[in-house]
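Chains as they are written, first to last, in my numbering: chain A, 1 to 336; chain B, 337 to 672. Scroll down for the structure; my scribbles are underneath it.
2 protein chains.
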Amino acid sequence: MNTVNLKQLAKELNLSVSTVSRALRDSWEISTPTKQRVFDLAKKMNFQPNPYASSLRKHRSRTIAVVIPEVANNFFALAIKGIETIAREKGYHVLIYLTNEDGSEEMSVAANLQSGRVDGVILSLSGETKDARHLVELQQRNIPLVFFDRVCDSIEAPKVMTNDYESGFVATEHLIKAGCHRIAHLTISMSLSISHKRMKGYTDGLLRYDQPFEENMIVRCEGNDEENYKKIRDLLASDQRPDGIFASVEKLAVQVYHACRELGLEIPRDVKVIGFSNLVTASLLSPALTTIAQPAYDMGKEAATILFRRLEKKYILKPDDRVILPARLEVRSSTL
Amino acid sequence: MNTVNLKQLAKELNLSVSTVSRALRDSWEISTPTKQRVFDLAKKMNFQPNPYASSLRKHRSRTIAVVIPEVANNFFALAIKGIETIAREKGYHVLIYLTNEDGSEEMSVAANLQSGRVDGVILSLSGETKDARHLVELQQRNIPLVFFDRVCDSIEAPKVMTNDYESGFVATEHLIKAGCHRIAHLTISMSLSISHKRMKGYTDGLLRYDQPFEENMIVRCEGNDEENYKKIRDLLASDQRPDGIFASVEKLAVQVYHACRELGLEIPRDVKVIGFSNLVTASLLSPALTTIAQPAYDMGKEAATILFRRLEKKYILKPDDRVILPARLEVRSSTL
DNA sequence: AAGGGTTACTACAACGTTTTCGTAGAAAAA
DNA sequence: TTTTTCTACGAAAACGTTGTAGTAACCCTT
Numbered sequence: 001m002n003t004v005n006l007k008q009l010a011k012e013l014n015l016s017v018s019t020v021s022r023a024l025r026d027s028w029e030i031s032t033p034t035k036q037r038v039f040d041l042a043k044k045m046n047f048q049p050n051p052y053a054s055s056l057r058k059h060r061s062r063t064i065a066v067v068i069p070e071v072a073n074n075f076f077a078l079a080i081k082g083i084e085t086i087a088r089e090k091g092y093h094v095l096i097y098l099t100n101e102d103g104s105e106e107m108s109v110a111a112n113l114q115s116g117r118v119d120g121v122i123l124s125l126s127g128e129t130k131d132a133r134h135l136v137e138l139q140q141r142n143i144p145l146v147f148f149d150r151v152c153d154s155i156e157a158p159k160v161m162t163n164d165y166e167s168g169f170v171a172t173e174h175l176i177k178a179g180c181h182r183i184a185h186l187t188i189s190m191s192l193s194i195s196h197k198r199m200k201g202y203t204d205g206l207l208r209y210d211q212p213f214e215e216n217m218i219v220r221c222e223g224n225d226e227e228n229y230k231k232i233r234d235l236l237a238s239d240q241r242p243d244g245i246f247a248s249v250e251k252l253a254v255q256v257y258h259a260c261r262e263l264g265l266e267i268p269r270d271v272k273v274i275g276f277s278n279l280v281t282a283s284l285l286s287p288a289l290t291t292i293a294q295p296a297y298d299m300g301k302e303a304a305t306i307l308f309r310r311l312e313k314k315y316i317l318k319p320d321d322r323v324i325l326p327a328r329l330e331v332r333s334s335t336l
Numbered sequence: 337m338n339t340v341n342l343k344q345l346a347k348e349l350n351l352s353v354s355t356v357s358r359a360l361r362d363s364w365e366i367s368t369p370t371k372q373r374v375f376d377l378a379k380k381m382n383f384q385p386n387p388y389a390s391s392l393r394k395h396r397s398r399t400i401a402v403v404i405p406e407v408a409n410n411f412f413a414l415a416i417k418g419i420e421t422i423a424r425e426k427g428y429h430v431l432i433y434l435t436n437e438d439g440s441e442e443m444s445v446a447a448n449l450q451s452g453r454v455d456g457v458i459l460s461l462s463g464e465t466k467d468a469r470h471l472v473e474l475q476q477r478n479i480p481l482v483f484f485d486r487v488c489d490s491i492e493a494p495k496v497m498t499n500d501y502e503s504g505f506v507a508t509e510h511l512i513k514a515g516c517h518r519i520a521h522l523t524i525s526m527s528l529s530i531s532h533k534r535m536k537g538y539t540d541g542l543l544r545y546d547q548p549f550e551e552n553m554i555v556r557c558e559g560n561d562e563e564n565y566k567k568i569r570d571l572l573a574s575d576q577r578p579d580g581i582f583a584s585v586e587k588l589a590v591q592v593y594h595a596c597r598e599l600g601l602e603i604p605r606d607v608k609v610i611g612f613s614n615l616v617t618a619s620l621l622s623p624a625l626t627t628i629a630q631p632a633y634d635m636g637k638e639a640a641t642i643l644f645r646r647l648e649k650k651y652i653l654k655p656d657d658r659v660i661l662p663a664r665l666e667v668r669s670s671t672l
């Protein structure tokens with residue numbers, strides 16, 4: 001373990017511990033020559049202040065938590081990168097917690113974070129989260145919370161999100177204009193507000209273009225991957241097969257491709273496909289996938305920036321402030 | 337901030353702080369009824385012990401660091417997932433640091449970790465890392481280090497890796513058997529031992545099958561994405577165009593696809609492609625990409641398991657122990 | 001020369017745990 | 001009965017840092 005501490009430096013320099021501490025923090029109370037002596041010895045002995053002692057004393061850990069459903073996913077991976085970039089700039093450390101889309105894991109993480117381990121939390125809800133008491137409790141402990149993407153409407157906290165409703169609308173509109181008459185919507189957990197918004201965009205899109213809404217064109221993919229795949233395949237194999245599919249998340253779009261392959265359906269001839277996705281390989285798929293791409297990296301940066309503004313009490317924005325970063329429609333051959 | 341502490345519990349219960357502390361840790365020195373009283377009140381008041389006080393006192397933080405070049409990449413994302421899974425089981429917290437393939441960022445991260453902030457480190461080298469003094473210093477501070485994938489041969493530490501040499505050989509062999517006569521190898525930073533091993537596999541593969549080795553078939557993609565892309569395109573546009581390409585990392589394989597598209601080359605007719613990759617969409621690309629897939633998730637789990645064994649002093653394995661998890665060749669149409 | 005102000009430091013308490021050492025009282029052994 | 005051994009708890013000292021409250025020594029006033 002690290003063993004060189006203030007006391008040792010102080011003894012070596014014939015100074016008091018407090019003087020050394022202040023010298024290292026470049027306090028004006030310490031004379032320049034003394035500071036220099038302290039700096040030099042600290043460097044020579046490779047002194048690293050004990051962060052835990054400091055955190056204990058100052059009630060600040062310079063650490064934040066990022067709580068997300070999964071990481072093996074371009075969206076969340078890029079968001080993490082954005083968050084880490086800003087955190088690094090600010091001298092903060094980033095703890096990562098994966099909930100695996102499991103509400104109870106999210107709760108236990110949140111409970112754990114009440115210990116004061118972190119100064120703030122950036123979170124994207126798990127698909128299973130039903131109530132948000134565990135997050136309210138975090139707020140009650142004065143631990144600032146910032147949501148991104150999968151936000152929680154019932155909690156007052158800054159939120160970084162995309163224009164989900166508009167994107168859902170645009171995706172649907174795009175399919176309709178491409179000639180689709182029966183458009184299916186694959187959605188994940190309906191307890192998430194992004195799901196509602198994307199779905200509302202979908203239904204309003206149908207309405208706007210006088211397309212019928214059919215209940216069986218909504219496929220709720222809330223289970224595990226195999227179950228979801230089965231549902232999708234069943235949809236595509238039914239005699240009520242849709243001629244357009246709007247997947248609300250990346251992995252569902254990928255499963256549509258697999259199902260079409262298995263069933264011998266040709267995209268876009270038999271069925272056109274559009275999906276929310278940050279796949280770097282979208283343009284290389286066969287056929288290239290039309291996507292609604294979210295600015296994941298920027299969303300991460302923005303969420304982190306907002307959190308640090310709160311932590312540094314720079315300016316307190318309204319607690320329910322939301323930042324909307326628009327997603328981009330990228331038309332490719334899967335909807336031609 | 338968190339405000340309920342041992343002292344308050346103690347006062348409320350008419351016990352001493354030490355008794356409460358011990359009761360919560362279920363010490364045999366405390367009577368069952370007393371323990372029960374303590375447990376009940378702790379639960380009622382939602383007591384969470386201050387982790388920093390605890391870490392300071394115990395010289396253990398129950399926190400590890402994961403230092404990787406990037407996260408927006410299926411391999412590293414899956415590895416993180418594996419690490420986080422094991423860490424969660426063991427009650428550890430995971431700090432994440434991205435070096436962005438930058439050697440100096442890796443150094444500054446390592447320097448920072450000398451503070452004793454973490455009990456151990458899991459690291460995959462940045463492509464730019466030239467010397468490893470910063471890592472040696474970590475070890476000297478008694479902070480256990482475990483490498484995965486991009487290991488550092490010159491440091492004695494457990495290493496979790498794939499069979500890079502064999503995989504390089506197999507990839508080359510596969511291309512040769514598919515009828516390639518001029519095989520290019522796209523490699524990343526040659527300061528990484530995995531690059532050497534994969535390359536050695538490549539050259540030995542050529543040798544074994546009496547294929548000529550041509551220096552200009554080695555493309556070192558050590559710069560930024562645009563430069564790398566240019567090199568790849570130049571290679572494919574040259575009159576010495578290869579008929580097979582072995583990409584040592586995922587992103588280079590993707591760039592080959594883009595370059596082929598730009599140049600109007602058809603895979604696999606004009607050029608066959610194989611690449612190290614964990615792309616979930618490999619089979620959906622046009623054409624489907626033949627890959628060498630590393631068991632990223634398991635590598636992460638294994639690295640974490642080894643680290644925790646060291647931390648818990650379960651059994652000290654030889655310091656230079658290596659675990660080799662074999663990669664899998666998945667033949668798809670890009671090499672047919 | 002006495003008072004006031006500044007400069008450059010030091011002593012000490014505090015942060016919330018854990019741990020070492022100690023001990024009152026009860027039970028067991030003599 | 002006295003002595004020893006348990007049982008169940010408490011007091012206090014760490015861990016390494018930071019903040020508060022001091023204070024010698026010096027310079028500047030008047």
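Ideal Cβ positions, reconstructed from N, Cα and C, are used throughout, including at glycine.
{"query": "Could you name the residues that DSSP lists as bridge partners for H258/A?", "result": "None, per the DSSP bridge assignment."}
{"query": "Entirely within the segment 340 to 424 of chain B and at least 4 residues each: give me those alpha helix (DSSP H) ranges in chain order.", "result": "342 to 349, 353 to 360, 368 to 380, 387 to 394"}
{"query": "Under a three-way DSSP split, which group does V249/A fall into?", "result": "coil"}
{"query": "If you measure between the beta carbons of N278/A and A288/A, is that distance less than 8 Å?", "result": "no"}
{"query": "Could one say the Cβ of A53/A lies closer than 8 Å to chain B's Cβ atoms, at least one of them?", "result": "yes"}
{"query": "I'd like the span of the beta strand (DSSP E) that includes A520/B, first residue to last.", "result": "519 to 523"}
{"query": "Is the segment 96 to 104 of chain A touching the segment 120 to 127 of chain A in the sense that three or more CB pairs, one from each, lie closer than 8 Å?", "result": "yes"}
{"query": "Going straight from the alpha carbon of Q384/B to that of S390/B, what length do you get?", "result": "11 Å"}
{"query": "Would V609/B and A583/B be called neighbours here (beta carbons separated by less than 8 Å)?", "result": "yes"}
{"query": "Can you tell me whether L392/B is buried or exposed, with buried defined as 16 or more other CB within 10 angstroms of its CB?", "result": "buried"}
{"query": "Pairs of beta-carbons, one from the segment 526 to 537 of chain B and one from the segment 478 to 488 of chain B, closer than 8 Å: are there three or more?", "result": "yes"}
{"query": "State yes or no: is the beta carbon of G116/A nearer than 8 Å to at least one beta carbon in chain B?", "result": "yes"}
{"query": "Count the CB pairs spanning the segment 105 to 117 of chain A and the segment 321 to 328 of chain A that are closer than 8 Å, and state whether there are at least three.", "result": "no"}
{"query": "What do you reckon, are the CB atoms on P158/A and I267/A nearer than 8 Å?", "result": "no"}
{"query": "Suppose the cutoff is 6 Å on Cβ atoms and the five residues either side in sequence are ignored; what does the same chain contact list for M337/B look like?", "result": "Summary for M337/B: the model assigns pLDDT 46, below 50, so the residue's position carries little reliability; its value from the coordinates is reported in the next sentence. Within the same chain, M337/B has no close Cβ partners at all."}
{"query": "Using only CA atoms, which one of R62/A, M190/A, I183/A lies nearest to Y202/A?", "result": "I183/A"}
{"query": "Between the segment 418 to 436 of chain B and chain A, which residues of the former have a C-beta closer than 7 Å to a C-beta of the latter?", "result": "E420, H429, V430, L431, I432, L434"}
{"query": "Are there 16 or more other CB atoms within 10 angstroms of the CB of Q36/A, so buried, or fewer, so exposed?", "result": "exposed"}
{"query": "Strictly below 8 Å CB to CB, what residues from chain A border S584/B?", "result": "Neighbours of S584/B on chain A: none; closest Cβ ~18 Å, over 8 Å."}
{"query": "For the putative contact between V17/A and V38/A, defined by C-beta atoms under 8 Å, what is the C-beta separation to the nearest angstrom?", "result": "So it is not a contact: roughly 11 Å between Cβ atoms."}
{"query": "Straight-line CA distance for L601/B to V280/A?", "result": "20 Å"}
{"query": "For L336/A, would you say it is in contact with chain B, using Cβ-to-Cβ distances shorter than 8 Å as the test?", "result": "no"}
{"query": "What residues from chain B crowd round Y257/A, counting only those whose CB sits closer than 7 Å?", "result": "L620"}
{"query": "Taking the alpha helix (DSSP H) that Y97/A falls in, what are its first and last residues?", "result": "Looking at the DSSP string, Y97/A is not in any alpha helix (DSSP H); the run it does join, the beta strand (DSSP E), is 93 to 98."}
{"query": "Could you compute how far the alpha carbon of K230/A sits from the alpha carbon of F213/A?", "result": "23 Å"}
{"query": "Assuming contact is defined by CB atoms lying nearer than 8 Å, are R62/A and Y92/A in contact in what I supplied?", "result": "yes"}
{"query": "Which residues, taken in chain order from the segment 365 to 389 of chain B, show a beta carbon closer than 8 Å to some beta carbon of chain A?", "result": "N382, Q384, P385, N386, P387, Y388, A389"}
{"query": "Only counting the same chain, and skipping five residues up and downstream in sequence, which positions put a Cβ closer than 6 Å to that of L542/B?", "result": "F549"}
{"query": "Please report the residue range of the alpha helix (DSSP H) in which K318/A lies.", "result": "That residue, K318/A, is in no alpha helix (DSSP H); it is neither H nor E in DSSP."}
{"query": "Does DSSP classify R629/B as helix, strand or coil?", "result": "It should be noted that the sequence gives Ala, not Arg, for residue 629/B. Strand, per DSSP."}
{"query": "Between M337/B and chain A, is any beta-carbon pair separated by less than 8 Å?", "result": "Confidence in M337/B is poor, its pLDDT being 46 and thus under 50, which makes the residue's placement unreliable; the coordinate value appears in the next sentence. Yes, its Cβ sits closer than 8 Å to a Cβ of chain A."}
{"query": "Listing by chain order, which chain A residues have their CB less than 7 Å from the CB of L599/B?", "result": "Chain A residues near L599/B: none, gap ~15 Å exceeds 7 Å."}
{"query": "Taking C-beta to C-beta, are Y97/A and V67/A nearer than 8 Å?", "result": "yes"}
{"query": "Mind listing the chain A neighbours of N410/B? Cutoff is C-beta to C-beta under 8 Å, in chain order.", "result": "A72"}
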